[in-house]
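Notes follow once the structure below has been shown.
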Amino acid sequence: MSADALDGRDHLLNIQNLHISFFTPAGEVKAVNGVSYTLRKGEVLGIVGESGSGKSVSVTALMKLLAYPGRVVDGSIWFDGKDILVQPSREMQKIRGKDISMIFQDPMTSLNPVYTIGNQLIETIRRHSAMSNSAARQRGIEMLSLVGINNPARRMRQYPHALSGGMRQRVMIAMALSCSPKLLIADEPTTSLDVTIQAQILALMKKMRQETGTAIMLITHDLGIVTELCDRVMIMYAGKIVESGSVEDIYYRTSHPYTKGLLDCLPQNSEERAPLRPIEGNPVDLLDLPKGCGFASRCDKCMKICLRETPPDFLVGDGHVSSCWLHTVQNGQDGRGNHHGNG
Amino acid sequence: MKPIHEREKLTGELRIQKYTQPMSLMLNIEDIAPATEDQKKSRVKMRESTTYWQDALKRFSQNKVAMVSFGIIVLIAIFAFLGPLAAPYTYEQQIRGSERLFPCFAHPFGTDNLGRDILVRTMTGTRISLAIGIFCTLIVLVIGTLVGSAAGYLGGWLDNMIMRFCEILYSVPDILIIIILQISMKRFLDSAFPNMTLGSAMVSIFIAFAMLYWVNMARMVRGQILILKQSEYVLAAKALGASGRRIIQKHLLPNAVGAIIVTAMYQIPVAIFTESFLSFMGLGASAPLASLGSLANDSLSGLASYPYLMFFPAMLILLIIYAFNQFGDGLRDALDPRLKE
Amino acid sequence: MGTDKSDRGAAKTEKTLLQVTGLKQHFRVAGERAPLKAVDGVSMYIQKGETFGLVGESGCGKSTIGRTILRLYEPTDGVIEYDGVDITHVNMKPYRKRMQIVFQDPYSSLNPRMTVGDIVGEPLDINKTYRSKKERYDVIADRLNLVGLNTEHMNRYPHEFSGGQRQRISIARALALNPEFIVCDEPISALDVSIQAQVINKFIELRQDLGLTYLFIAHDLAVVRYISNRIGVMYLGRLVESAGADELFTHPAHPYTQALLSVIPIPDPKMNTRPDRIILEGEVPSPISPPSGCYFRTRCRYATPLCAEQTPVMQEIGAGHWAACHGLNGTA
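Protein chains in written order, with our numbering: chain H, 4 to 346; chain U, 725 to 1065; chain R, 181 to 512.
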């Protein structure tokens, strides 16, 4: 089996065995439990998971923005040849915004309400480059028109509250891309937007990806969005990566029972009214994480060993990894096939 | 986290992650048997059920500074309320031949120029301070909560009226009100209660605090109620046909009670300090009654020769205010719902 | 608009449980002279035992309709008839037992200071429907069982439960008084994907077992299609189209519905370059100062001058399929 796709030579980002815990008064909340992944230059990686799966936390650590009482307990994060975990905060400030930039679910909270769009855009550009004020303004206007904002010169003078949610997210994208970062992290960028606006933003991100070649990490709970944008997908559950592979691997050669459950549990937008097959049970308690596989209590194929030992990462296909004990008894992929017809 | 040199030495050349090939592991036949429902269920335990108050108590007891402050407050309360009962003198008793004594075994805090025991006088003064604090809190709790929740829940013109009134009260300097009250009520109080130990000035302070200090609470409660009123559980209760009274009692106040207690607690040191300040300025306790402020004032004339006269009451004021503030902080951390979950 | 006969959506029949005619709900907004027209002339009906889905983007007024029907807000104009009785201005007390609501956010819709038993028992306490503590207990236990919880959960507090379990508690509360009609106000939007299906199945199961009628408000179109018999599509406070669920999805008539359906993200890599995708330009206009004529015309590909002059009325374009668009008459 070729492991070339998985080695680290041209990797922009390499995260190994990352453990993150939040030390709350109630006890240690193990948010991320041994996560390893890599990202190549220009690649678009989707991280899919439900609330509490640790999908956002691992990325916050990569930005070194993990807030108290959260702490990286173990592991390493290498970005572009630098060990992120030992970078002094001054270095990190340079990396954030210039090399890695981020857009969030709620664009309002990440724009400062007392400065104009232009002010914030120019400041971001000048902080990371030696541009003059007027050159930075020019660059800002270019960026705004690039993300599809009409009359950008006028928008530069407006305050964030004067813009709608979709408009603000466009501004955030413009700001994030203004310094040509190597990596753009998008944390649920369309979750608070309506479907028609979501479609606009996704189309925009696709276009920006083609034009700038920036690597993107897209964090979302919506499998539909991932297919639109991503090359590779990681599915997270209870602080671990349960399955990762190309978009086609995940959708057509689904290997992990949780991924199958996720794909099967929602209505398929067709005339069919067969009863839905939900994933039974409730999410695990991260304060009191049981031994073995985190998904075991909700898994319909759960075996005795799953309750006792953490499954290793099985390489079930080229670049397709699934972490499930079932692969010791069957050869991984059982092909869900394509039963998603268009409704 | 392990030290850097012990962590894997990843420098540009990155380690290839280890993966397992499917079917490559041999497992016991027992291990791959399906797990029973019971085994699966046993992994999902519900944690011990805790109420809000149990939770708050646990958080509070884990807060060392707050617990120490609480201990100090208890000690001060014993000192103030039980101390005078155990002491061989009263606060106004002048002991002939024992004037101006330095702290000694018979008079641990010393005596003043009239031969009064400073320890007992400090105890009495502390008692007045605490009484002011407690009285103020009670008034603030009752009036502030009632007015604030009425304004917040009913809204409309009533809310407008109450809030404008609060703003007016808020903008009047309280010292001024107290002085005016003292002057205007002195004659009435003196004739109505001629044998009152507190003195008309102290009574005026109580009345003024009652009049003024609920405003803060009312504004806070109103704000809380306005926020809580928007919550969906209140809407759900309305959809069930709940009366306004039930909504306030069952839904709004229980959810505001943490903030109400914290606000009331912060009011105590403010009241105590204001009283001490007024007494220090000669506007509070009048002789022979002693309050911490007036004791400090009495000591001014001979400060250079008898510094202990100032030291003990001043230390107590400091201690009381510090302890109540820290206690309030601890309560806020324990009760603040934002820290929950 | 609103009083026009042709605007009714459909005629009232024997089986009609709820009929709304020309419903308007305007809110005053601080600092604005014009009111915010959250709902601006909506007419619709729901038959007994039916699930009527209401879809639209945020701010289109779909949640407001649900709340106004329950008279949690007093309607500005229009008529609400429930089971043949005009309830627009009556005392709602007798109807509170019959009409209930389940909210979107399972975190904010349960009082954190009350136990689960008291939350589910609150409707009983308010309407004093029991004679003994035992009777109250039995009803609560029964409703908890209905939604898949048990009596062990009664003395616990909402924060001890996960989102899906909390939503079940909400449903149990709504069921406490044996209602016949439930407004489901985005009941699954705040839940995790793997939990959503559990709750949808529960709604369907309860509908069958208890003969419930739902007004199901949501923005997830695939879910609404799955659960509803008929669907109404709202835009900026107005109903633009209503039809049977599959009819609406297979033959959308209104340009807005067409665009909405074309952008549903589908979790299938083969589908991600759909040629028929219509990406709407611009944003939804403000409901304080909506455009003249058809509210959708500012984003509509087919807009003509007529659309700015006249407000299109609902017209029946097929059996039970209604839409409000000038384009349907060939005039646009």
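Idealized CB from N, CA, C, for every residue including glycine.
Which chain A residues sit within Cβ distance under 8 Å of residue i?
i	result
residue 979(U)	Among the chains of the structure shown, chain A does not appear; the protein chains present are H, U and R.
In angstroms with no decimal places, state the Cα-to-Cα distance between residue i and residue j.
i	j	result
residue 199(R)	residue 124(H)	52 Å
residue 808(U)	residue 840(U)	13 Å
residue 35(H)	residue 930(U)	57 Å
residue 80(H)	residue 147(H)	32 Å
residue 165(R)	residue 295(H)	Beyond the ends of chain R as shown, which are 181 and 512, falls residue 165(R); an answer cannot be given.
residue 1008(U)	residue 876(U)	36 Å
residue 752(U)	residue 197(H)	51 Å
residue 48(H)	residue 1057(U)	40 Å
residue 471(R)	residue 968(U)	39 Å
residue 437(R)	residue 231(H)	21 Å
residue 284(R)	residue 285(H)	19 Å
residue 814(U)	residue 843(U)	10 Å
residue 138(H)	residue 314(H)	54 Å
residue 847(U)	residue 983(U)	32 Å
residue 17(H)	residue 244(H)	15 Å
residue 166(R)	residue 239(R)	Residue 166(R) lies beyond the stretch modelled for chain R, which goes from 181 to 512, so this question has no answer here.
residue 354(R)	residue 952(U)	21 Å
residue 217(R)	residue 1002(U)	57 Å
residue 1019(U)	residue 892(U)	34 Å
residue 398(R)	residue 898(U)	54 Å
residue 279(H)	residue 742(U)	37 Å
residue 461(R)	residue 976(U)	44 Å
residue 475(R)	residue 265(R)	32 Å
residue 9(H)	residue 41(H)	Residue confidence for residue 9(H) is low, a pLDDT of 45 falling below 50, so the modelled location carries little weight and cannot support an answer.
residue 989(U)	residue 1026(U)	36 Å
residue 163(H)	residue 152(H)	14 Å
Buried or exposed: residue i, going by 16 or more other Cβ atoms within 10 Å of its Cβ?
i	result
residue 881(U)	exposed
residue 213(H)	exposed
residue 828(U)	exposed
residue 851(U)	buried
residue 26(H)	exposed
residue 24(H)	buried
residue 391(R)	exposed
residue 218(H)	buried
residue 330(H)	buried
residue 494(R)	buried
residue 1(H)	There is no way to answer for residue 1(H), as the model of chain H reaches only from 4 to 346.
residue 479(R)	buried
residue 412(R)	buried
residue 912(U)	exposed
residue 72(H)	exposed
Could you please give me the residues that DSSP links to residue i through a beta bridge?
i	result
residue 496(R)	502(R)
residue 219(H)	47(H), 187(H)
residue 257(R)	204(R)
residue 362(R)	280(R), 394(R)
residue 317(H)	325(H), 744(U)
residue 220(R)	204(R)
Query - Uninterrupted alpha helix (DSSP H) stretches inside the region 796-879 of chain U (no shorter than 4 residues) - result: 807-810, 842-863, 869-878
Query raised in the report: What residues in the region 745-757 of chain U have a beta carbon less than 9 Å from any beta carbon of chain H?
Result: 745, 746, 747, 748, 749, 750, 751, 752, 754, 755, 756, 757
**Report entry** Contained alpha helix (DSSP H) runs [length at least 4] in the region 915-963 of chain U, N- to C-terminal order
**Finding:** 924-936, 938-953, 956-963
Query raised in the report: Considering only residues of the region 383-461 of chain R, which uninterrupted beta strand (DSSP E) runs meet the minimum length of 3 residues and lie entirely inside it, listed in chain order?
Result: 393-397, 410-415, 418-424
Report task. May I ask you to list, following chain order, the residues of the region 784-796 of chain U that have a beta carbon less than 8 Å from some beta carbon of chain H? Result -> 786
Query raised in the report: Considering only residues of the region 224-278 of chain R, which uninterrupted alpha helix (DSSP H) runs meet the minimum length of 4 residues and lie entirely inside it, listed in chain order?
Result: 242-249, 273-276
Query raised in the report: What are the uninterrupted segments assigned as alpha helix (DSSP H) that are 4 or more residues long and contained completely in the region 108-165 of chain H, given in chain order?
Result: 110-113, 120-130, 136-149, 155-159
Query raised in the report: In chain order, which alpha helix (DSSP H) runs of at least 4 residues are fully inside the region 287-363 of chain R?
Result: 296-307, 313-326, 343-355
Query raised in the report: Can you list, in chain order, the residues of the region 970-998 of chain U whose Cβ is nearer than 9 Å to any Cβ on chain H?
Result: none
Report task. Can you check the region 197-281 of chain H for any alpha helix (DSSP H) of at least 4 residues that lies completely inside it and give the ranges in chain order? Result -> 198-215, 226-232, 250-255, 260-267
Requested in this report: Give, in chain order, every residue of the region 302-322 of chain R whose Cβ lies closer than 9 Å to some Cβ of chain U.
Outcome: 302, 303, 305, 306, 307
Query raised in the report: Can you list, in chain order, the residues of the region 363-387 of chain R whose Cβ is nearer than 7 Å to any Cβ on chain H?
Result: 372, 373, 374, 376, 377, 378, 380, 381
**Report entry** Positions along the region 222-253 of chain H whose CB lies within less than 7 Å of some CB in chain R
**Finding:** 224, 225, 226, 227, 228, 230, 231, 250, 251
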